[in-house]
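In what follows, a structure is listed as structure tokens, so that the remarks can point back to it.
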Amino acid sequence: MPVLDLVSPVTEIFKCLLPPILLQIGYLVRHRRKIEKLGKKVDNLKNLRIDLQVRVDAARRNLESIRRVVQVWLERVDKEISKDETMERLMSGQALEALNSQSCFSATTSCGSSRYTLGCKIERKTIIIEELLEEGKSFRDISDPNFDGIDFLPANPDFESFASRKIAIDAVMDALKDQGTSLIGVYGMGGVGKTMLMTEVSKRVQEEKLFDVVVMANVSQNVDLKKIQATIAEVLGLERIKKMEDTRARAAMLSARLMDEKSVLVILDDVWTQNLNLSDVGIPRGHKGCKVAITTRMRIQVCNSWIVDKNIEVGVLTEEESWDLFKKNVGDSPDTQLELARHIANECKGLPIALVTLGRALRNKDNLLWEDTALQLKNATFSYIEGMDSQVFSSIKLSYDYLGNDIFKKYFLLCCLFPEDYRINVDHELMMYVICDDELLEVDNLKQARGRLHTILDKLVGSCLLSRNEKNVSLVWMHDIVRDVAISIACGDNNGFFVKAGMRLKVWPKVLQSRRSSNVKRLRLSLMRNQISALPEQPELPRLLSLSLEGNEPLKKIPDSAFVNMRSVEILDVRSTGISSLPSSLPLLVNLRTLFLDFCNFDHCTDISLVGKLKELVILSLQGCKLRRLPEDIGELTNLKLLNLSFNESLEVPPNVISRLSQLEELYMIKSFTAWEVDGWENKNKASLAELTSIHTLTTLHFSLLKDDPLGDRRRLRLDVTFGQRTGSDYRFCHNFCELMVSPPPLCDLIKVLMERVEKLSVRNSKGLKTVAELVPSNVGFKKMNSLHLQQCDEMEYLMSAKEGEEDAEIPPNAFIVLEELIICSMQNLKEIIHGPIPAGLMDKLKRVIINNCEKLTSVFASTLANRVPNLDELRLEGCAILKDIFNLETEPISQEEVVVTFSKLRKIYLQDLPSLETIWKGVIPHGCLGNLQILDLYSCEKLKYLFSTAISCSLKQLQELTVLFCLDMEKLIEADEEMFEDSLASTEIVFPNLETLIVSHCQNLEQLWDGRGSKNVTMSDKKPVLLPKLLKLELSNLPALSCLNQGSSYFDCPSLQHLQVVGCDNLKGISLSHQRTPKLEKIVGYSEDWFQSFEWEKPGDSLAMRHLFQVRFWPPHFLFLFLLSVKDLSGTKMAFSIFASLSNCRRTLK
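Anchor point for the sequence shown: position 1004 equals 1004 in the UniProt record's numbering, and the numbering is continuous, going up by one each time.
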């Protein structure tokens, strides 16, 4: 066969086979390229994932929240590049080689299918990897700031949950939960633990999930608004604020963000300035979702100016708490150091920062260091105690430095002159320094000086550098550690203080001998409360300004030459020393302005006339010096403004001595000279009352006057006067007080002039006094008197009287124009308060009336007086034997408008031991006239049958407390009005919307709490409830006639009832109770188990549901109604007292 014939068939065969072969080769090449491309993309994805993971780890280390989209991307990447078998074979090329080795000639269809499947896998995988790459590259921010579930204020190991701290924390938590409180002030002295306490509050708030967001920002002395705003914004995730520079724009944005939160608590720690406004920061005040708490040392300056809703003080620790904290920090100490350790801990006076610092400084130290530390604390030095200077001293000095004004700093340092724990009398002991302070130039008199002093001390108290009892603001004191810091400052920096008060020194300090060459400009020397028995003959102290030797009882004599080299002294205090005479060098103190000689050991022979040579003297105090006669030389002290002669009971004051003190502003003669000469009485050449009225500068006067007629005709005059500044009390409550006893009147005109100025007048045992009008000039009232107390003026029938037809019978319209309080006791013949026509405005300001034991008083407020007391707030009546009614409006008609005005402000009524009282309100009392009555308490009003009518009960919308005890004839609390019963009671609910307490006890005839007439015609469905929505406490005791609570056409509805007590009510068989009607009931008290079972339960399950609330109270049957015990035979006193111990219900004892 020819060759060509063979070539052609082969060629044709080759032509047929070549396309499939080339196709397969193409597939292989393309697949290999795709796999290589996929591999590169996978590698890129792995690198991208590593980079993102690094960023994620960094964000988590910063406590940031990783965005969910990033977390999902990482999970998808891990899934796509995980080492599964398919991916491994694909990426390694094994799948391609296996496909290439197959015989496509023998299995063309199968081979093609495999290639197609492989190609699809590569393409799908490539698309997924590309998508992941693109998504991963788009992540710019992978996280957000996050504090959810993070305790960003970790527990402080120094914090101890002491009882005192728990009280403060609970107070803050209660304030935070109070819907009416939006701004809370937490204040206390430096180092007391305010920040630590608020940290614990933050933890509790987070644990209780009280707020969604809690942020704590430090403010400090140097306010940085941007820093504070940034702290709050960071917690809120407000990133935009970082790009803003203007603080007002930042504040606006922050405010909008805070208002967007449902609940957020912002704590501003360490606030010093009153000039920082919440709005400046961006904190919305008053927004219901945002509450603010601040901590500060400056209570008055910050809390008051910020108008804080609730102030909470963080005080020092108790003694035992202090010891526990000190022990924790000092560690185990030998028994030999125990007493010393107690002493050092006590020296800290509960200041946590000092306890912690000292404890750690003494940890594992030997006895020598402990003893040296105690010595340094005693001497008020910290230089060698580790941490005390840098932590304790600096913390307190920071408050001192922030005072700014040198005057405030000066008076802070002056307070350290007094001994440790000493209560400083502001008006007595600090005033001596004010008088000598030339920097207070604008102060013209003692009253202004005292006011300025209290202003300064308010600043110091408000800065927590001084402490003060708010009940008596005239006493201040220093915390011991604060005092130590003050002494450290005062004795350095050229301040010139030398303080060794209360150090038990027995001799004059030697170091003072070298003071002459000192360059100290001023020197204040305090050696108070020591045991020094002698002074140097001639101390070299030429620069000395003040010297205090108070309380050195062993000091019997001051050398005659002691003051020769002390001529600069302005203040000399030798109170309570043993000196019995004055040194001859005293007149050399030509600059002396304050001299205190109180309670020195003088006698009737002591000559103090040398004092008269101290011409610059402004304050002279001679209390308790046993003086027999005031030297006439005292009259030479024409610059004297304050003279205190109190507690010199044998003192005689010669005439024309007091009157020569032309600048005198304050005169104190408590328990001192009383034999003042008065016109109309026998005189014995002594100081006269006219001398006092001749001193026109006199603003404060304390004296007593006692005159007895030597002829024995029962004439007697006693007058105790306190005008102006009070001593030993709160300066804010100064008043002009006068206690008078005169038998018989009239008074001299001079005393009547004093009566015109009096603010509080007490008249006792004044026989012959018919009315109080006799105490003031004719037609002149008590222009300033706001309180009047009358007692045992047995001939007085009326306070004021105006009988028709008599001349000069009109009551002066200004007689009681400013009277606010009226107290009348044991006035046996008093019939009425005011008799006759009463001018308008006479008692418009009267708020409080107390009347006790007035046996002939028949009515208190007749119609003529009822409409003259529009501001009456409180009424107390007791022991008026024949009093039949209280508000009697029957005698004269009064318009409804007048009566409503009259009683609209009456809030409290207390009635006790009124055996003849038949009705409280007599006559027609219009609706609404008692709308503000809150408390009504009755005790032993035996003839009273009911309290009020249905009409009056409907007016008692504000009644909160109703107590009825020992009213034997009382039949019901509410009496139905006859004429309106059918129209009113049957159709009207009895509502006491604010009644919280209802107590009825020992009312033998009480059958029902309100009128039950008509109950037979009223079905249960038609009954109207007595609505008591706020009643918390219901007590019914010893009511033998009471048979049912649900009487008449009404029933109780008490959804807030918590306490129910029914004891000694044997006939009370049916009480309807329901777990649904009384869901808040906490306690049911009764006298037996059977009584509890007798309840009329609305539902069968109520008895079981409320069984755990029931308590049995034993009630001795023999003394069930005993309330009056008369002890006639005192020979059985021992037995009587043993009986008293068991008579828990005995209310009165008559002897």
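We treat Cβ as the ideally placed atom computed from N, Cα and C, and that holds for glycine. In this text, all values refer to a predicted model and were calculated from it rather than measured experimentally.
{"Asked": "Quick check on the DSSP output: the beta strand (DSSP E) that includes Asn-644 runs from which residue to which?", "Found": "642-644"}
{"Asked": "Measuring alpha carbon to alpha carbon, tell me which of Ser-463, Ser-672, Lys-686 ends up nearest Val-678.", "Found": "Lys-686"}
{"Asked": "Mapping DSSP to helix, strand and coil, what is Leu-553?", "Found": "Note that residue 553 is Glu in the sequence shown, not Leu. Glu-553: coil per DSSP, three-state reduction."}
{"Asked": "What would DSSP say about Gly-670, mapped onto helix, strand or coil?", "Found": "Residue identity differs from the one stated: residue 670 is Ile in this sequence, not Gly. Of the three classes helix, strand and coil, the one that applies to Ile-670 here is coil, per DSSP."}
{"Asked": "Provide the residue span of the beta strand (DSSP E) that contains Met-216, from first to last.", "Found": "213-220"}
{"Asked": "Is it true that the segment 272-289 meets the segment 228-238, where meeting means three or more beta-carbon pairs spaced less than 8 Å apart?", "Found": "yes"}
{"Asked": "CB Asp-607 to CB Gly-624, shorter than 8 Å?", "Found": "no"}
{"Asked": "What does a CB cutoff of less than 7 Å around Leu-317 pick up in its chain, not counting 5 residues either side in sequence?", "Found": "Phe-162, Ser-164, Leu-325, Gly-350, Pro-352"}
{"Asked": "Determine the extent of the alpha helix (DSSP H) in which Gln-1111 is found, giving its start and end residues.", "Found": "Here Gln-1111 belongs to no alpha helix (DSSP H); instead the beta strand (DSSP E) covers 1110-1112."}
{"Asked": "Is residue 1154 helix, strand or coil when you go by DSSP?", "Found": "In the structure displayed, the chain extends from 1 to 1151; residue 1154 sits before or after that span and is not available."}
{"Asked": "Taking 7 Å as the limit between beta carbons, can you name the residues of its chain near Arg-660, skipping five residues before and five after?", "Found": "Gly-635"}
{"Asked": "Evaluate Cys-605 with the Cβ neighbour count: other Cβ atoms within 10 Å of its Cβ, from every protein chain shown; 16 or more gives buried, anything less gives exposed.", "Found": "exposed"}
{"Asked": "With a floor of 3 residues, list each beta strand (DSSP E) that falls wholly inside the segment 310-388, ordered by position along the chain.", "Found": "310-313"}
{"Asked": "Around the C-beta of Thr-697, are 16 or more other C-beta atoms found within 10 angstroms, so that it is buried, or is it exposed?", "Found": "exposed"}
{"Asked": "Could you compute how far the alpha carbon of Thr-699 sits from the alpha carbon of Glu-665?", "Found": "5 Å"}
{"Asked": "From Arg-1113 to Asp-1090, what does the alpha carbon distance come to, in whole angstroms?", "Found": "13 Å"}
{"Asked": "Tell me which residues share the same chain as Leu-740 and place their Cβ nearer than 6 Å to its Cβ, disregarding the 5 neighbours each side in the sequence.", "Found": "Leu-719, Val-763"}
{"Asked": "Measure the Cβ-Cβ separation of Glu-996 and Glu-961 and say whether it is below 8 Å.", "Found": "yes"}
{"Asked": "Let's test the definition: count the other Cβ atoms within 10 Å of the Cβ of Pro-1100 and tell me whether it reaches 16, buried, or not, exposed.", "Found": "exposed"}
{"Asked": "Does the segment 789-796 come within contact of the segment 753-770, defined as at least 3 CB pairs closer than 8 Å?", "Found": "yes"}
{"Asked": "Tell me where the beta strand (DSSP E) around Leu-706 begins and ends.", "Found": "700-708"}
{"Asked": "Just to check my reading of the structure: Val-574 and Leu-544 have Cβ atoms closer than 8 Å, yes? What is that Cβ distance to the nearest angstrom?", "Found": "In fact, because the Cβ distance is near 14 Å, the residues do not count as touching under 8 Å."}
{"Asked": "Okay, do the segment 45-57 and the segment 68-80 touch, 3+ Cβ pairs below 8 Å being the bar?", "Found": "yes"}
{"Asked": "Decide if Asn-656 is buried, meaning its Cβ has at least 16 other Cβ atoms within 10 Å, or exposed.", "Found": "exposed"}
{"Asked": "Checking 8 Å against the spacing of the C-beta atoms, do Lys-945 and Leu-917 come in under that value?", "Found": "no"}
{"Asked": "Should the segment 968-975 be called in touch with the segment 1003-1012, which here means at least 3 C-beta pairs below 8 Å?", "Found": "yes"}
{"Asked": "Just list the residues that DSSP pairs Leu-523 with in beta bridges.", "Found": "Leu-544"}
{"Asked": "Provide the residue span of the beta strand (DSSP E) that contains Glu-234, from first to last.", "Found": "Per DSSP, Glu-234 belongs to no beta strand (DSSP E); it is in the alpha helix (DSSP H), 225-236."}
{"Asked": "Mind the definition here: the segment 554-564 touches the segment 576-596 only if three or more C-beta pairs lie below 8 Å; say whether that holds.", "Found": "yes"}
{"Asked": "So, are the CB atoms of Leu-872 and Leu-914 less than 8 Å apart?", "Found": "no"}
{"Asked": "Can you name the start and end residues of the alpha helix (DSSP H) that Gln-71 belongs to?", "Found": "68-80"}
{"Asked": "With DSSP collapsed to three states, give me the class of Lys-291.", "Found": "strand"}
{"Asked": "What number of angstroms, rounded off, separates the C-alpha of Leu-1009 from the C-alpha of Leu-998?", "Found": "11 Å"}
{"Asked": "Specify whether the segment 862-871 and the segment 836-847 touch according to this definition: at least 3 beta carbon pairs, one from each stretch, less than 8 Å apart.", "Found": "yes"}
{"Asked": "Tell me the rounded alpha-carbon separation between Leu-775 and Leu-651.", "Found": "29 Å"}
{"Asked": "With a Cβ-Cβ cutoff of 8 Å, do Arg-363 and Asn-329 count as a contact?", "Found": "yes"}
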